[in-house]
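In case it helps, my numbering puts the sequence shown at residues 58 to 339.
The structure appears below as structure tokens.
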Amino acid sequence: MFGSELMLRALCAALVIGVCAPTLGTYLVQRRMSMIGDGIGHVALTGVGVGLILDQSPVLAAVVVAALCAVGVELVRERGRTPGDLALAVLFYGGIAGGVLLVGAAGRSSGGNLLSYLFGSLGTVTDTDLAVIGGLGAAVLSAMLLLRPALFAVCHDEEFARVCGLPVRALNMLLAVTTAVTVTIAMRAVGLLLVSALMVVPVATAQQVTRGFRGTQLAAMAVGGLAAFLGVAISWQADTAPGATIVMVAIAAFVVVALAAGLRRTLVRRSGPTDRWLPWRT
């Protein structure tokens, strides 16, 4: 695998996305907005259709369209006139419908490309794609790590963050835009229909063994990177779809860690009353 230039590009792209997506997903899980990645992913499909019609880069068009829609949803959520789940439903159905219509209008020749955006196509990543993924991924990662205290305060309690003088609206917009960017760059690896899994599953895995927010975020980044590496390696050996393989590895890691954590808690509960009276514990 390491002797193939194509697979090295695919591995680098997968590692960037595998680390960046859980970093952002930690904040989304904290806000109970785990499924927003799916909604923005559907909207990004509309951006892909716009790019195909205008004969422009579908990735860049998807970034612009997804970012605008993410900002719009954040404004709707902030004003409170529409419930968050209803706004996400509009994203789901409007985005997928608009994408199908626009891609159909672009011509039959684009139908094959549509599957690569929906389910990922790491094997077709070019040097230009890798440069775009690396640049945007570095920007997302820097923003999420450098602004961790302020973003955590906003996600945990907006009113408290506002009282402390934090620019709550600007930080919310930053989260919305970075979510759109992460979804868009991840569609080359796992596809628009699976990208939300990389944002949520590593975070859920990390929460089984960590307590603090910082520890959860770092552990989720490690799980996401490991899932990306193992997913690409397994797909190379077994000739399976890389995106789906990465997601299945992440889910398998969650199942194993959850079972191990549950077993540990059971053993601790059973041994607790006995250990309480041991001489060296007094």
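In this text, a Cβ means the ideal position worked out from N, Cα and C, and glycines have one as well.
Residue span of the alpha helix (DSSP H) that contains residue i, given as start and end
i	result
methionine 256	252-264
glycine 282	270-295
serine 199	184-203
threonine 80	62-87
threonine 267	Segment: none, threonine 267 is in no alpha helix (DSSP H) and carries neither H nor E.
glycine 104	93-110
alanine 227	225-243
Supposed close pair residue i, residue j - CB separation, criterion 8 Å
i	j	result
alanine 233	glutamate 131	4 Å
phenylalanine 209	phenylalanine 149	The Cβ separation is near 28 Å, so there is no contact.
alanine 285	alanine 276	Wrong, their Cβ atoms sit about 15 Å apart, outside the cutoff.
Spatially closest choice to residue i from the options, by CA coordinates
i	options	result
leucine 158	Gly104, Cys126, Ala123 and Ser114	Gly104
glycine 281	Ala310, Thr185, Gly272 and Phe270	Ala310
glycine 98	Ala119, Asp214 and Pro115	Ala119
proline 259	Leu175, Ser91, Cys221 and Arg219	Ser91
leucine 109	Leu287, Ala162 and Gly94	Ala162
leucine 287	Ile153, Ala67 and Ile190	Ala67
leucine 187	Arg322, Ser61, Arg271 and Ala71	Ala71
Close beta carbons around residue i, own chain, < 8 Å, minus the five adjacent residues each side
i	result
alanine 295	Thr302
methionine 230	Val128 and Glu131
alanine 318	Gln265 and Val266
alanine 200	Leu231 and Thr235
Close beta carbons around residue i, own chain, < 6 Å, minus the five adjacent residues each side
i	result
glycine 106	Gly156, Leu159 and Val160
valine 257	Gly82 and Ser91
glycine 248	Leu175, Phe176, Gly177 and Gly300
threonine 241	Ala101, Ala119, Val120 and Ala123
Between the CA atoms of residue j and residue i - distance to the nearest angstrom
i	j	result
valine 325	leucine 316	14 Å
arginine 88	leucine 204	16 Å
isoleucine 291	glycine 194	24 Å
isoleucine 190	proline 79	16 Å
leucine 65	valine 306	19 Å
cysteine 126	valine 313	37 Å
glycine 94	arginine 327	40 Å
valine 182	leucine 251	18 Å
methionine 244	isoleucine 308	18 Å
isoleucine 74	serine 114	20 Å
methionine 278	glutamate 216	29 Å
Residues near residue i in its chain [Cβ-Cβ closer than 7 Å; skip 5 each side]
i	result
glycine 169	For glycine 169, the predicted model reports a pLDDT of 49, less than 50, meaning its position is unreliable and no value from the coordinates is stated.
threonine 239	Cys77, Ala78, Leu81 and Val197
alanine 207	Leu223 and Leu228
arginine 219	Val225
glutamate 62	none
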